[in-house]
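Chains as they are written, first to last, in my numbering: chain A, 1 to 265; chain B, 266 to 530.
Note that CB positions come from ideal geometry on N, CA and C, so glycine has one too.
In what follows, a single structure is set out as structure tokens and then discussed.
Protein chains: 2
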Amino acid sequence: MDDRPIGIFDSGIGGLTVFSEIIKALPSENIIYLGDTKQFPYGNKSKKTIIDITKENINFLIKKNVKLIVIACGTATSQALEEVKDKYNIPIIGIIKPTVMYLAKEKNIRKIGIMATAGTIRSNSWEKEIKKLMPNAKVINKACPLLAPMVEEGWTDNEIARLVIKEYVKVFKEETVDSLILGCTHYPLLKNLIQEELGNKVKIIDTGKQVGKFLEELLHKEKINGKPKNIPNYKFYLTEIEEGFIKVANNLIPNTIDNINFSKK
Amino acid sequence: MDDRPIGIFDSGIGGLTVFSEIIKALPSENIIYLGDTKQFPYGNKSKKTIIDITKENINFLIKKNVKLIVIACGTATSQALEEVKDKYNIPIIGIIKPTVMYLAKEKNIRKIGIMATAGTIRSNSWEKEIKKLMPNAKVINKACPLLAPMVEEGWTDNEIARLVIKEYVKVFKEETVDSLILGCTHYPLLKNLIQEELGNKVKIIDTGKQVGKFLEELLHKEKINGKPKNIPNYKFYLTEIEEGFIKVANNLIPNTIDNINFSKK
């Protein structure tokens, strides 16, 4: 047993979609969430910058005495996880491997679309991981640089969001993918619109759910579960005050964001 | 007389709007343009990062033996110009001061709207400069984080661009501004749509034109004009290959982009 909190970080509000799934899968775990709003967006930053930022965030969470870290950000997972994961003495997981492990178990998934930030698509991390476990799968990549900033603006259900999504999913319709990975943790906030635009035949894969399941197994395997029936303590840190963060958090996980710290870390 | 080229840099294609005005004002000057496409967008990066990037870009241009540098980027001007301008032995100018000097000479400008990136608005640089020369002017600020990425996507004349602009200019219509500064060099590519949405009574101020005039006077004052009737040599450097850059350049300044270098600097 291990009472220490799980650490989660993201560039902004996207990681909240992962947080909301983790607390469903692991309702007794304490969690510390770091939203690096000051350095948002990560999507177009260089690999070197993303690695530096990721190390900064990991060091912050380790000082807060976490037992495990979830990189709840597609860009940081794709650009920095490999570089950092063996440098610390606690497990560090991203969103790609858990999602692809799940995909590989599903039948009827053969043609996979990936929406992600420009940096993530450039890194080709999703496709590489998919080819390891599903060598016959076909992958269609699409960089969607406007989506994360749009979500941060709070535009998740208006005409602009609808038109931007229509434009970005065009290639997936043309290629008739059978499934679509939301490769950036901001995108689940646009899931309904994306599903509407693509139609119900396409299975949309939200990374948060898979990360939740993966984490459950990992805590068990490593014997680092928290106390059962613990009433969890959630702490949030933001590197820049963001009204949007609080608004989205209150919608996504009502009555949870009462312990928020604005800190330059 | 000074035959050395003028150096210009921006995070991407925005600076081309300044370039196109400089070559009108100074048709005999040689120019080296650096488009730091790899690190685009600057809009949301921290002040420290912007200063580091600005120094990198200045050092690159100085090695190319330029006689003067134009920071053709609203974000880098607002966050880094003050920090760097006295550290080099050539003049370094931005887009804010030339524009505000022009504004201060105009009558009937009293209520000024500013559209810019989140970083520029946060820095309050435009308002500070305006208040120095026009203490009675009223300033309405609006951060527009989606506009520069939208221009880089090439979405400058579609329904999405129209709706996004409608949303961002709402506050200027409510406040009935008499003039509007396009505080990011990407925005002149959206000028027609912005003017349509605001109506013809609002004077839209495009920084490139003012920078062109300012530069003409400065070269004269410092006695560093190039050879008159010189057939100019234009060189372009990009830190990442960007199809969009070439497309926009060919529209904005036809037959000019034949000398392009893709370099990591």
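For residue 343 of chain B, there are no neighbours in chain A by C-beta distance under 8 angstroms, as the nearest C-beta there is about 16 angstroms away. When Cβ-Cβ separations below 8 angstroms define contact, residue 309 of chain B makes contact with chain A. With contacts defined as CB atoms closer than 8 angstroms, residue 269 of chain B and residue 309 of chain B fail to qualify as a contacting pair. Proximity of residue 160 of chain A to chain B, defined by a Cβ-Cβ separation below 8 angstroms, is satisfied.
Going by beta carbons, residue 286 of chain B and residue 448 of chain B fall outside the 8 angstroms limit. For a cut-off of 8 angstroms, the C-beta gap from residue 42 of chain A to residue 119 of chain A is around 7 angstroms, short enough to register as a contact. Taking one beta carbon from each stretch, the segment 411 to 421 of chain B and the segment 323 to 338 of chain B have fewer than 3 pairs nearer than 8 angstroms; the two do not touch. Out of A/166, A/1, A/38, the CA that lies nearest to the CA of residue 237 of chain A is found in A/38.
When Cβ pairs closer than 8 angstroms are counted between the two stretches, the segment 486 to 506 of chain B is seen not to touch the segment 459 to 475 of chain B, the count staying below three. Taking the Cα of residue 138 of chain A as reference, the smallest distance to any Cα among A/103, A/97, A/54 is reached at A/103. Using beta-carbon distances, residue 115 of chain A does not count as an interface residue toward chain B, since no partner is under 8 angstroms. Among the CB atoms of chain A, none fall inside 8 angstroms of the CB of residue 266 of chain B. Counting the other CB atoms within 10 Å of its CB gives residue 441 of chain B a total below 16, which places it among the exposed residues. Taking all protein chains shown into account, residue 484 of chain B has 16 or more neighbouring C-beta atoms within 10 Å of its C-beta and is therefore buried. Listed along chain A are 44, 45, 46, 49, each with a C-beta nearer than 9 angstroms to that of residue 304 of chain B. The three-state secondary structure of residue 57 of chain A, taken from DSSP, is helix. If you draw a straight line from the Cα of residue 169 of chain A to the Cα of residue 178 of chain A, it is about 13 angstroms long. The C-beta distance from residue 129 of chain A to residue 92 of chain A rounds to 16 angstroms, too long to meet the 8 angstroms contact threshold.
Residue 453 of chain B sits buried, since 16 or more C-beta atoms from the chains shown fall within 10 Å of its C-beta.
Annotated three-state conformation of residue 295 of chain B is coil, per DSSP. The segment 396 to 412 of chain B makes no contact with the segment 331 to 347 of chain B: fewer than 3 CB pairs, one atom from each, lie closer than 8 angstroms.
Residue 457 of chain B: member of the alpha helix (DSSP H) spanning 456 to 463, first to last residue. Rounded to the nearest whole angstrom, the C-alpha separation of residue 300 of chain B and residue 321 of chain B is 12 angstroms. The residue from A/231, A/239, A/171, A/108 with its alpha-carbon nearest to that of residue 40 of chain A is A/239.
In the assembly as shown, residue 275 of chain B is a buried residue. Its beta-carbon has 16 or more other beta-carbons within 10 Å. With at least 16 other beta carbons inside 10 angstroms of its own, residue 390 of chain B counts as buried.
Separation of residue 508 of chain B and residue 514 of chain B (C-alpha to C-alpha, rounded to the nearest whole angstrom) is 10 angstroms.
Beyond the five residues adjoining it in sequence on each side, residue 98 of chain A comes within less than 6 angstroms, by CB distance, of 210, 211, 214 in the same chain, given in chain order. Annotated three-state conformation of residue 72 of chain A is coil, per DSSP.
Here residue 477 of chain B carries a helix assignment [DSSP, helix/strand/coil]. Within the same chain, Cβ atoms closer than 7 angstroms to the Cβ of residue 83 of chain A are found at 51, the five residues on either side in sequence being excluded. Residue 517 of chain B places its beta carbon less than 8 angstroms from that of residue 282 of chain B. Residue 380 of chain B has its alpha-carbon roughly 21 angstroms from the corresponding atom of residue 241 of chain A.
The three-state reading of DSSP puts residue 15 of chain A in helix, counting H, G and I together.
Residue 274 of chain B: member of the beta strand (DSSP E) spanning 271 to 275, first to last residue. Residues of the segment 405 to 425 of chain B with a C-beta atom less than 9 angstroms from some C-beta of chain A are 410, 411, 414, 415, 417, 418, 420, 423, 424, 425, listed in chain order.
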